[in-house]
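Chains as they are written, first to last, in our numbering: chain A, 64 to 215; chain B, 1233 to 1391. Heads up, the beta-carbon is just placed ideally off N, CA and C, and yes, glycines get one too. Right, one structure below, let's go through it.
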Amino acid sequence: MTKRTTTHATFVIEREYPHPPAKVFAAFADPKKKARWFGGPDDWEKSNHQLDFRVGGKESISGGPAGGTVHAYNAEIWDIVDNERIVLAYEMHLDAARISVSLATTEIKPTATGTRLIYTEQGVYLDGYDDAGQREEGTQQLFGQLDAFLNT
Amino acid sequence: MTTTTHASFVIERHYSASPPRVYAAWSDPEAKRAWFVEGEGWDIQSFDIDFREGGSEKSVYGFRRGEEVFGEKTAFSNETVFNEIVENERIVFTYSMARNGRRFSVSLATVEIKPADKGSRLIFTEHGAFFEGGDNVTMREQGWQELLGKLDTFLAESA
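Written as structure tokens, this is what we have:
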């Protein structure tokens, strides 16, 4: 029998971009653009990224090192305000085990020189599989990929 | 311009009912309606629940004094999706709240049920994103305190 435990944690990642809010928003809203930066490391084998960008729409991608554990991301979009806010809830599985459920808010705000992005993730980590420290590190990597996408 | 405030809270309660009875109050549609939806001053317009992982729950209800309090006829709606269900032990769900069709929050809630002192200990943890024009985490926590109190009454009356 699995020992049921939970760990709750929240982290925030902030970015400044020299681009207008609409360009930053499009990197999340346009499936072709999001697929360019959103996913695991380059050397992972990956499924196709799927994104139905509307409230109630789903997003998914899975992948992992060749022959290794499959990391699966499945999200549902809960709120969209064009060029300002996206709220989604996502589950992560490692193979068959659900390891976390998270609420992720992306806020996009205009600044004098471009855009401030504030990403807030509030999550529950299940049964000791993962912790918020690893998740924050992985999410920082994703934002590094977003930076590279927006700045090239 | 939109504003978003993030906050979390935890409520712990002891119930004299066993974990399976506490769990059933969440999983059984009639039981859930009795303590979660029904209430004095509320006019229930609809309540549907499909209690399984990936299933949803939706309730729409009016506050009978809505026009006096809010200046217009007011309907609230709660939309829920169940992310994880572990029988008798844990329920993780995401829910949004809206007033007259305008969404004002999205939350992630975890309900843990553990055997304790001839009954159960329930730990309710909510992480919320609260939007412009809605309530705030203090009101939300008060709301859940009341609901979890109604659950206590329901469990006592149905014993």
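Subject >> Burial state of A/Val-87 (16 or more Cβ within 10 Å) >> reply: buried
Original post:
Just to confirm, are B/Lys-1290 and B/Asp-1280 a CB contact at a threshold of 7 Å?
Top reply: yes
Subject >> A/Lys-121, DSSP secondary structure in three states >> reply: In this structure, A/Lys-121 counts as strand in the three-state DSSP scheme.
Original post:
B/Leu-1340 versus chain A: which residues are under 8 Å apart at the beta carbon?
Top reply: Ala-152, Val-164, Ser-165, Leu-166, Gln-185, Gly-186 and Val-187
Original post:
How do the stretch 1250 to 1262 of chain B and the stretch 1349 to 1364 of chain B stand: do at least 3 beta-carbon pairs fall below 8 Å, yes or no?
Top reply: yes
Subject >> Cβ contact (3+ pairs, closer than 8 Å) linking the stretch 188 to 198 of chain A and the stretch 88 to 103 of chain A >> reply: Result no; under three Cβ-Cβ pairs closer than 8 Å.
Original post:
Using 7 Å as the limit for Cβ to Cβ distance, is A/Val-87 near chain B?
Top reply: Not closer than 7 Å to any Cβ of chain B, the Cβ of A/Val-87 fails to qualify, so no.
Original post:
Taking Cβ positions only, does A/Asp-142 come closer than 7 Å to chain B?
Top reply: yes
Original post:
Where A/Lys-95 and B/Ile-1345 are concerned, what is the direct C-alpha to C-alpha distance, given to the nearest angstrom?
Top reply: 43 Å
Subject >> chain B residues whose Cβ lies nearer than 7 Å to that of A/Thr-178 >> reply: Chain B residues near A/Thr-178: none, gap ~14 Å exceeds 7 Å.
Original post:
Start and end of the alpha helix (DSSP H) containing B/Ser-1259?
Top reply: 1251 to 1259
Original post:
Start and end of the beta strand (DSSP E) containing B/Phe-1362?
Top reply: Unbroken beta strand (DSSP E) run through B/Phe-1362: 1351 to 1363.
Subject >> Bridge partner(s) assigned by DSSP for B/Ser-1390 >> reply: Bridge partners of B/Ser-1390: none, in fact.
**OP:** For B/Arg-1322, return the contacting residues in chain A, with the cut-off set at a CB-CB distance below 9 Å.
**Re:** Arg-67, Thr-69 and Leu-189
Original post:
To which residues of the same chain is A/Asp-115 closer than 6 Å at the C-beta, ignoring the five residues directly before and after it?
Top reply: Lys-121
Original post:
In terms of residues, what are the limits of the alpha helix (DSSP H) holding A/Ala-90?
Top reply: 84 to 92
**OP:** Say whether chain A places a C-beta atom closer than 7 Å to the C-beta of B/Arg-1335.
**Re:** So, interface residue.
Original post:
Using a Cβ-Cβ distance under 7 Å, would B/Asn-1315 count as near chain A?
Top reply: Output row for B/Asn-1315: interface = yes.
**OP:** Could you tell me whether the stretch 1291 to 1309 of chain B touches the stretch 131 to 141 of chain A, using the rule of 3 or more Cβ pairs below 8 Å?
**Re:** no
Subject >> Residue-level contact to chain B via CB, A/Arg-148, 7 Å cutoff >> reply: yes
**OP:** Output the boundary residues of the beta strand (DSSP E) element that contains B/Ala-1348.
**Re:** First-last of the beta strand (DSSP E) with B/Ala-1348: 1334 to 1348.
Subject >> Assigned secondary structure, B/Trp-1267 (DSSP; H/G/I helix, E/B strand, else coil) >> reply: helix
**OP:** Give a yes or no on whether the minimum CB-CB distance between B/Ser-1328 and chain A is below 7 Å.
**Re:** yes
**OP:** Report yes if the CB atom of B/Thr-1342 is closer than 7 Å to the CB atom of B/Val-1318, and no otherwise.
**Re:** Annotated as distal: B/Thr-1342 and B/Val-1318, with beta-carbon spacing of 7 Å or more.
Original post:
For B/Gly-1273, does the three-state DSSP call read helix, strand or coil?
Top reply: Three-state DSSP puts B/Gly-1273 in coil, outside helix and strand.
Original post:
A/Phe-212 to A/Arg-117, Cα distance in whole Å?
Top reply: 23 Å
Subject >> Below-7 Å beta-carbon distance, B/Thr-1237 vs any chain A residue >> reply: No, B/Thr-1237 does not count as interfacial toward chain A.
Subject >> Supposed close pair B/Ser-1328, B/Arg-1335 - CB separation, criterion 8 Å >> reply: 5 Å
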